[in-house]
Structures are given as structure tokens and as C-alpha cells.
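Just so we're aligned, residue 113 is where the sequence shown starts under my numbering, counting upward by one.
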Amino acid sequence: MIELRENEQRTLMTISSLGGKADVDQIVRTSGLAHASVMRASLRLSKEKLVKVIEQKRAIATLNDEGKAYARKGLPERQLMKSLIKLGGKARIGRVVANAKLENQLVPIALGWLRQKGWARMEGQDRTLKALKEPKKGKDEIVLKILAENGATITEELKKEEQEAIAALRKRKLVEVEKKTLRILELQAKGRKLIKKGLKLAKEVSQLTPKLIITGKWRKTKLRKFDVTAPGPPMNPGKIHPLQQIIERAREIFLAMGFTEIRGPLIETAFWNFDALFQPQDHPAREMMDTFYLSNPKAGKLPEKKVVNAVAKTHENGWITGSKGWGYNWKTQEARRLLLRTHTTAETIKYLSKNKNPPIKVFSVDRVYRNEQLTYKHTAEFYQIEGIVVDKAVTLCDLMGTLKAFYSRFGLRKVQFWPCYFPYTEPSAQAMVYVPRLQHWMELCGMGMFRPEVLSPMGIEYPVLAWGGGLERIAMVELGLNDIRQLYGNSLSWIRRTPLCQ
Ligand code: PHE
């Protein structure tokens, strides 16, 4: 014997009273139940095969405010026509309009329709309007009335000419049509039988109260089961922005792997952003193309002389590093220039200049800036994930393993390493990840071991593994986006649609 809850019973009886078939909105209106209750009841009823749920895509038409006004007063051409007939079927346009009390801006529209419908014609130089025939009620006017009486109307249930009239009214911007999925509940044989036999109401309790517990009555009570997968009304609670959630996740992964976070200023000297990383002062990446330089103030402070001199010498002739350097005249002025950091590697090397003793495992997840054209895959500011490991005998293999472990925690499992070039690392590589949804390999980050030309001036005597890459790319894969700008557009509907938990 099937026991139904009250809402399920009421829903079933309502469907029956509506002729055995009704859509959810109708049931809501007739039964007085909440929409969510009917939806929930329909799940159970269809599971028990008492009703069948039929989903149909339907175009629903409604009048807008202007349409509603015309449904009351008549279309502008009808208003003019009435006035014309009252004036004997022939009168100066000015009089017709004045008599109809039609707004001036509507007159050309009304005249256009009068001509098109063949109801009247303008004659002579004195602009006389002459009625041509009995203005019969058009399909458009009939539909206007139907929509005014019914409110939201399923267009598919109208006659063909009426549907055409709706299309015409839509063109006149009096009607709006919206596609909706209708859920129709249809009583099944099993449901009919059950109603005939008489329904039995389940005696269930939906809330466990202290009283039930204290009195021990809970032992005999039937507690209502909740279906946590049933759809409820949509809720839009406050939540952390999807991009921020991924930033937090990157931080948590680093922390779980034993790394410590470092942060630095958004504005850096060229010294830390470029020179300390053995990027020559005439390196194309330094040009205005990529780097935002500050115009005021223009220059910042350099660290202690010893470090600056060592970097200068290394650039000029290799200093004690065994390298030949770049062979040019290094300029303090260029190194002092202030800029918006183009990568977080600036913070990494600055940190290493003060912390040289292994083991070191630090990371940053922070904002960087590059003068890029705004496109679906580039923004001028973005987040970089950066990590370094310093230890006595670490190798490139350790770096690859660390990266694999890091990205696999983001669900990116198919990672490959391709050779590549950075001025500050040797060997250098880039990590590529396979994205099944896009069916191609995507660049994740740059990586490598810092060169002696970078390490010696800072007085670092141990191998340094480093990697850095964009966070937004991961976010795009994770959130299924095709356009990076979506992350910064703050479209409320997208933010709401993005689930709280990925
Ligand atoms: N700084 C590089 C970039 O911004 C990435 C990188 C970091 C490469 C560390 C090697 C080592 O693309």
C-alpha cells in the first residue's frame, strides 16, 4: 500500500480534478501549494508511477505595458478609426487626432497601419482622412484581448492565425515571447486506481523536536525521509568569487606540500624584476611593450652596494661565475626604474638574497602586470603561481616531480615537460598539461634551475628549483571558460551559476 504525504496527495487530487493532466503552474494555482512543494511531490508521484512527468519546451507570450494599454484603449489605428467614424467618415487629420486624444508621437504609426489595413486613406492637400471600409476586428486585436485576459499564454495552444498575429504584435514590440520548459503531470492508470480505492495519509513527522526526544516518542514516530538530491528553489547566498576560490585552493595546496608563502610589493625596481635575474638591460621583454614603467616616481632604491656591484659585473663580464656575461655597460639608472612587476620571480629572488640556507620551500600566488592587448586569452593584469625549492642536492627531476604533485591536486594529471628558454634558468622547461575538454596541450608554467649568474651575486651556494605560471589558465580549465575576461567581468548571473564547491 502506497502511503502519500499530504502535499503528494493534494497534488494528485488536483491533477485529477483538472481532468487528469495539468502543468505545474496550473496545479500551483488551483491547489494553493508552493511551487517547490508541487515539484517535490511530482518527483515522488512519478517515481511511484502514479503520474507521468512530461517536459515540453513552450513559447510563452505576455503583453508588455504598451500592449496592455492598447488592450484597454485599442490599437492606435483603432483609436483613430473610431474618431474618424464619429466625425462622419471624412475629416481633417488634425480633428481626427484631437478627437481621438491620441498622443502625437503615435500618429504616424497609426496612419501607417490605417493604410496597411486598408481602413482609411489620406486625401488632398489639406490632409483629409477618409474611411474606406468597415474596420473589422483584426486577428491582432483578438489576440491582444486573449493575452490581456489570460496573462502568460502558451502560444502553441493557439490557432495558427493567432500565432501569426502574435508574431506580428511581437514585431510591433507589444508582446514578449519567452521560451520555457513546461512540466505537465499526467495521471496514470495506477494513480487513478489509487484515488478510487481511497488514499491513505502517511503520519510522518518532518521535525525532530526536543519533546519527541525527551518523551521517547521518537521511537514510535515515523520520521520523514529527505531526498537531498531533489531540486529546491534557487538560492543566491553570498559567496567567494570563483577566481578567489581558486587562489585560495592554490595556497592550500602549497601549504599542504610544506611551502611557506611570501609576498612582495606590486611596484618593484627593474633591479629585482630583471637585473637580478640576469636579464640584460637591452632585453626586448623590458621594453615598453610588455612592462608598465612608472612615470612618477620614476626611480626606486637599490639594495646594498655589494649585491648591486656583483650583479653589474656579472652582466658586464660574468664576474666570478665562469660566464662571459652579456658584454655591455651596465647602468644603475636603468636598474632603479620603477615598474609594475611583470612576474613574481622578482619576489623570489629578493627573498633568496636574504635567505640562503637550505632547506627552503616558499611560494607566492600574486598579481602581476603586463602590457598586453586585452583578448579572450590575455589580460594586462593576472595572477601568477610561483614556487621555489632550495636544497643541497635537488635536481630537475625533483622539480618535475614537485610540479606533477602540485598540478595533480588541481585535477591536472597529464603533464609533460617541454624544453624552453628563460634568461635566468638552465636547464629551462615549460610544463604542458593536456586538457580533455579542449583536446589540446596547454602551457601551464615556466620552470628551471637558477643559473650561476643569478645565484652567485646573491651568495647562494645550493641548487634552486623554480617555477611560475598563470593561475587564470587553471581557473579557465576548472570553470570551463573559453574567455579569460569572464573571470574579471563580474557578471552576476555567471557568479551565481558557478557552484560554491567545484
Ligand atoms: N617568471 C617566468 C614567467 O613569468 C616563469 C618562471 C619562473 C620560469 C621561474 C622559470 C623559473 O613566465
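Note that beta-carbon positions come from the ideal geometry of N, C-alpha and C, so glycine has one too.
Predicted model, so just to flag it, every value in this text is computed and none were measured.
Sub-8 Å separation of residue i and residue j beta-carbons
i, j, result
"Glu498", "Phe475", "yes"
"Arg375", "Glu167", "no"
"Tyr495", "Arg479", "yes"
"Ile607", "Pro354", "yes"
"Lys468", "Ile572", "yes"
"Leu517", "Phe529", "It should be noted that the sequence gives Ala, not Leu, for residue 517. Their beta carbons are not under 8 Å apart, which means Ala517 does not touch Phe529 by this criterion."
"Glu380", "Arg453", "yes"
"Leu162", "Lys308", "no"
"Asn119", "Ser158", "no"
"Ala458", "Asn348", "no"
"Leu486", "Arg597", "yes"
"Gly558", "Gly581", "yes"
"Phe534", "Ile586", "no"
"Ala388", "Val423", "yes"
"Arg117", "Lys292", "no"
"Leu299", "Gly132", "yes"
"Ile139", "Ala264", "no"
"Val477", "Leu583", "yes"
"Leu556", "Met544", "yes"
"Lys251", "Ala277", "yes"
"Phe390", "Val566", "yes"
"Ala212", "Glu189", "no"
"Gly434", "Pro539", "no"
"Pro415", "Leu450", "no"
"Met113", "Lys312", "yes"
"Val616", "Val527", "In the structure displayed, the chain extends from 113 to 614; residue 616 sits before or after that span and is not available."
"Arg448", "Gly412", "yes"
Host alpha helix (DSSP H) of residue i (start-end)
i, result
"Thr142", "Val136 to Ser143"
"Ser154", "His147 to Lys159"
"Pro220", "Val219 to Lys229"
"Ala232", "Per DSSP, Ala232 belongs to no alpha helix (DSSP H); it is in the beta strand (DSSP E), Ala232 to Glu235."
"Phe518", "Leu508 to Ser520"
"Ile205", "Ile205 to Ala212"
"Trp606", "Leu604 to Arg609"
"Val420", "Lys417 to Asn429"
"Gly601", "Gln598 to Gly601"
"Met588", "Glu584 to Leu591"
"Pro322", "Pro322 to Ile326"
"Leu355", "Pro354 to Ala368"
"Leu281", "Lys272 to Lys283"
"Lys466", "Thr457 to Lys466"
Delimiting residues of the beta strand (DSSP E) encompassing residue i
i, result
"Ile166", "Val163 to Leu175"
"Val480", "Ile472 to Tyr481"
"Ala264", "Careful: Ala264 lies outside any beta strand (DSSP E) and carries neither H nor E."
"Ala543", "Thr537 to Val547"
"Leu196", "Premise fails: Leu196 lies in the alpha helix (DSSP H), Pro188 to Lys198, not in any beta strand (DSSP E)."
"Thr240", "Thr240 to Ala243"
"Gln528", "Val527 to Pro531"
Residues sharing a beta bridge with residue i, DSSP
i, result
"Ile379", "Leu452"
"Ala578", "Ile500 and Gly560"
"Lys249", "Per DSSP, none; premise fails for Lys249."
"Val289", "Ala173"
"Met347", "In DSSP, Met347 forms no bridge with anything."
"Phe404", "DSSP output for Phe404 lists no bridge partner at all."
"Trp553", "Tyr546"
"Lys133", "Glu298"
"Lys334", "Glu316"
"Ala411", "Arg449"
"Thr487", "None, per the DSSP bridge assignment."
"Lys202", "Lys242"
"Phe494", "Val480"
"Thr372", "Val474"
"Leu116", "Leu313"
Minimum Cβ-Cβ distance from residue i to chain C less than 8 Å
i, result
"His353", "Protein chains in the displayed structure number just one, and chain C is not present."
**Study point:** Contact the stretch 503-517 vs the stretch 404-419: 3+ CB pairs below 8 Å
**Key:** no
Check your understanding: Does the stretch 355-371 come close enough to the stretch 427-438 to have 3 or more Cβ pairs within less than 8 Å?
Key -> no
**Study point:** Cβ contact check for the stretch 277-288 and the stretch 254-268: 3 or more pairs under 8 Å
**Key:** yes
**Study point:** Contact between the stretch 200-211 and the stretch 239-255 (3+ Cβ pairs under 8 Å)
**Key:** yes
Practice item. Specify whether the stretch 121-129 and the stretch 149-163 touch according to this definition: at least 3 beta carbon pairs, one from each stretch, less than 8 Å apart. Key: yes
Review point. For the stretch 191-201 against the stretch 267-274, are there 3 or more C-beta pairs whose distance is under 8 Å?
Key: no
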